[in-house]
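Encoded as structure tokens, the structure appears first; notes follow it.
There are 2 protein chains.
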Amino acid sequence: MSNPDSIYRERRERVYSYLESGGIEYAILSDNEKSRNKSTTYLTGHPSDCVLILSSAHEATLIPWDINLATKHASADQILPLGNFERNLKRIVEELILPSGKITVELSSLLSFPLVTELKESYRGINFVCREEGIDNFIGRLRESKDSHERTLLKKACEITNETLEILYRFLKEGYAKKSGTTEIDVALFIERTGRKLGSEGTGFESLVASSARSHEIHPYPEYSNTNFFTRGLAVIDFGFKYGGYTSDVTLPIAIGQIQAKQRDLLDRVTGAYRLALEKLKENPAIGELAASIDSYFEASGLTMPHSLGHGIGLDAHELPLISTSRRGKSNSGEESPKFREGSVITIEPGLYDPELGGARLENDFLITYDSKGSGEAASINVEELTFSKPLFL
Amino acid sequence: MSNPDSIYRERRERVYSYLESGGIEYAILSDNEKSRNKSTTYLTGHPSDCVLILSSAHEATLIPWDINLATKHASADQILPLGNFERNLKRIVEELILPSGKITVELSSLLSFPLVTELKESYRGINFVCREEGIDNFIGRLRESKDSHERTLLKKACEITNETLEILYRFLKEGYAKKSGTTEIDVALFIERTGRKLGSEGTGFESLVASSARSHEIHPYPEYSNTNFFTRGLAVIDFGFKYGGYTSDVTLPIAIGQIQAKQRDLLDRVTGAYRLALEKLKENPAIGELAASIDSYFEASGLTMPHSLGHGIGLDAHELPLISTSRRGKSNSGEESPKFREGSVITIEPGLYDPELGGARLENDFLITYDSKGSGEAASINVEELTFSKPLFL
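As they're listed, the protein sequences go chains A and B. Numbers 645 to 1038, taken from this note's numbering, label the letters of the first sequence in order. Numbers 645 to 1038, taken from this note's numbering, label the letters of the second sequence in order.
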């Protein structure tokens, strides 16, 4: 599942152009336990825990915590163990960058205020730049448009997810019919085993399996428990599978037994919102307008969705674009009313949560592309449905 | 498993004293997907995703992403949904803090440079403080000494881990004898199912199950795969279970089949280092000295351990203290040669990794306490072994 070296080199070339056009000699990104930055994986293939230095001389230096892991997975011009630098970013700057003289170095916007302040104060000869709309945002925008290689990996992750869904529907129907003592744990581990046996390298995030008493929590804690799954009411299952580092993300609402009219109504509003969102999506809306149309749909019934309508997926379970009215119609780059970008892979996932009735959420994944038409005509949008989750009635 | 409200109130009182003694009116901590800060859980019981504001007026305001989750789990004087503030820290400052006039506000040291800079520039009337040795470090040091409530939860997590280890040893011996086609996935999900059925709310981190071809990676990717687990050589299994939010952390090295003399030697050096570390630990060493003694033990044979000897465990899988020579004999508070603190729960986990021979790591968890003796005598250390992982020979 490793990508060829050339893919990472091409991606890095785009970052080098960013550096050159901004008069920046070096950029430093860091991925660690306290602050994950999957852009390091996007640019090198290295799975996790590293510092990555990119230079306007078109050189990538990867400094991994685990050198053996890097040797196996990573594409870079130079690989140096983090242990050589006492696992310390200051030492890395001193040894690899300081000798270069008076230069501009861009630091990842994810780095902490005290760390960046210390670097600025320690090396006054270097012009450190660290800004919200900087290199992380630039790479985030690259990652928003999946290239053909990424689309292949995401489609494979979604295929595994669809096969798992089919097997899961059967498992749940049979378990319910047999009045089995199936717990949330049984369901979650059945899902994980199934997807992994089908070739996934793991779940993209901790699966959520919430039976009726807990389904009104958006992110229940614990994610699954020893509770009997087949208790009457509304249940929610939310999971995703990784393939080649890229994760899918689906949610199915489940009505168990004879549910109340109000519960049925809550579920119907969610599926109604889902259908409406798909219709709107096919009209090539501005992202903020799409989100606003669903918020309005719910508000018309006096209801509120407490999370965004959807988000990009990829190396992270949550990537650009965020499909939410809280963007207030502006993209990260300041653009007014941005539309979906060519190659975006997004979720649509309306949900409602009521402490008395329970929760319902329906979520699937979509690839957005555009047909380019003749001059003067607007490009038309293609919305490719990648996953096929649907409500289940037991 | 929820703690009584009084426990969180007591913990917050210690933070209020910190604020008062530093002339700070408010402190702001944040836990989100991009930057985890379990100190919010330590102080309120809320599982994840929130902003927490503590004031010198002894008031805690929790601003959770999921209000239903907070209602169920959290202790705070005031709970306000994050949605009320457009999920935006600036809006929170404007509405809850700005009206207080000219004051000092300490921001978590985990916040990003651009965010803190924006707050400083937007609200010049507020004296924002954001420093490495600040509030996060203060709370980290509180968390380093586990209170009686935390010890109970950690001991329970370790009991579940020990029971799982016993069941796992049997599972592996029987599977190997039967020449079963057991994969790394089978092993990992067997472990997870066993611990959860025994009452754990989940693994403390993604379990690592590396058969001989991958055991030389410290953090193999993927964490477990479809590979047959019972291939001859050295394998490693690393897992931990959460109870009440607190996680254990153990590793067992496994010799499968007739291993080479060099592989046996590598394993023996790891178990030798482990025994030596325990002996030293019982002599109440400075933390840095303990780490240095094991580094020297390996260096005497021309070997290098590429990670630290151990670390604290608790709400995070990695907490203070870090048992490493990279501390260079200084604690986070600047103390020279600090010793272990009363109530620390730590791992000891020497390991060696060779791309040809494979890897070996042995890890268990220990509670450190001290007997207070009569005046003039030094307190004597108690090292309570909480878990019982050991090498397995198949």
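Every residue gets a Cβ at the ideal spot worked out from N, C-alpha and C, and that includes glycine.
- Between S719 of chain A and G888 of chain A, the alpha-carbon positions lie close to 15 angstroms from each other.
- In the structure shown, the three-state DSSP call for S1024 of chain B is strand.
- When secondary structure is reduced to three states using DSSP, F757 of chain B falls in the helix class.
- If the five residues before and after H951 of chain B are omitted, its C-beta is found closer than 7 angstroms to the C-beta atoms of I862 and G995, all from its own chain and listed in chain order.
- For the region 948 to 959 of chain B, the beta-carbon criterion of a distance under 7 angstroms to any beta-carbon of chain A is satisfied by P950.
- For R837 of chain B, the chain A residues whose C-beta falls within less than 9 angstroms of its own C-beta are I829, D830 and L833, listed in chain order.
- Y820 of chain B and L964 of chain B have their alpha carbons spaced roughly 38 angstroms apart.
- Per the coordinates, the alpha-carbon of L816 of chain A lies some 10 angstroms from the alpha-carbon of I900 of chain A.
- Closest option to I1025 of chain A, judged by alpha-carbon separation, among A:S981, A:V749, A:E927 and A:Y941: A:E927.
- Separation of Y1014 of chain B and E986 of chain B (C-alpha to C-alpha, rounded to the nearest whole angstrom) is 6 angstroms.
- Sequence-distant Cβ neighbours of V853 of chain B in its own chain, meaning closer than 6 angstroms and more than five residues away, are E828, V831, A832, Y868 and I881.
- Within the region 693 to 728 of chain A, the complete alpha helix (DSSP H) segments at least 4 residues long are 711 to 717, listed from N- to C-terminus.
- Close to P866 of chain A, with beta-carbon spacing below 7 angstroms, are these residues of chain B in chain order: E845 and G846.
- Less than 9 angstroms separates the beta-carbon of G884 of chain A from that of A961 of chain A.
- The secondary-structure analysis by DSSP pairs S674 of chain B across a beta bridge with B:V695.
- Cα atoms of H793 of chain B and L1036 of chain A: separation of roughly 42 angstroms, rounded to the nearest angstrom.
- Between I651 of chain A and P982 of chain A, the alpha-carbon positions lie close to 28 angstroms from each other.
- Residue contact check for F757 of chain B against chain A: a CB pair falls below 9 angstroms.
- Contact check for S892 of chain A and G848 of chain A: beta-carbon distance about 7 angstroms, within the 8 angstroms limit, so the pair qualifies.
- By the criterion of a C-beta distance shorter than 6 angstroms, N732 of chain A is surrounded by no residue of its chain, once the five residues flanking it on both sides are discounted.
- Excluding residues up to 5 positions away in sequence, G973, S981, P982 and K983 lie with their Cβ nearer than 8 angstroms to the Cβ of A930 of chain B in the same chain.
- With a threshold of 9 angstroms between beta carbons, T761 of chain A makes contact with chain B.
- Proximity of chain A to G727 of chain B at the Cβ level (cut-off 7 angstroms) is accounted for by P950, in chain order.
- F1032 of chain B and Y686 of chain B have their C-alpha atoms roughly 27 angstroms apart.
- Cβ-Cβ separation between Y918 of chain A and L1006 of chain A: approximately 5 angstroms, consistent with a contact (criterion under 8 angstroms).
- CA-to-CA, the gap between P866 of chain A and S859 of chain A works out to about 12 angstroms.
- A direct Cα-Cα distance of roughly 10 angstroms separates E657 of chain B from L698 of chain B.
- Using a Cβ-Cβ distance cut-off of 8 angstroms, the region 735 to 748 of chain A and the region 762 to 778 of chain A are in contact, since at least three pairs of beta carbons, one from each stretch, lie closer than that value.
- For A899 of chain A, the enclosing beta strand (DSSP E) covers residues V894 to I900.
- The CB of L713 of chain A comes closer than 8 angstroms to the CB of E861, I862, H863, P864 and Y865 in chain B, given here in chain order.
- In this structure, DSSP gives F772 of chain A an extended state, which the three-state scheme calls strand.
- In summary, Q907 of chain A is buried, with 16 or more beta-carbon neighbours lying within 10 Å of its beta-carbon over all protein chains present.
- Comparing C-alpha distances from P725 of chain B to each of B:G1002, B:K734 and B:W709 shows the shortest one belongs to B:W709.
- Inclusion of V695 of chain B and L663 of chain B in the CB contact set at 9 angstroms is not warranted, their separation being larger than that value.
- Annotation: the continuous beta strand (DSSP E) that includes V853 of chain B extends over L852 to A854.
- Excluding five sequence positions before and after G846 of chain B, the CB atoms of its chain that fall closer than 6 angstroms to its own CB belong to K886, given in chain order.
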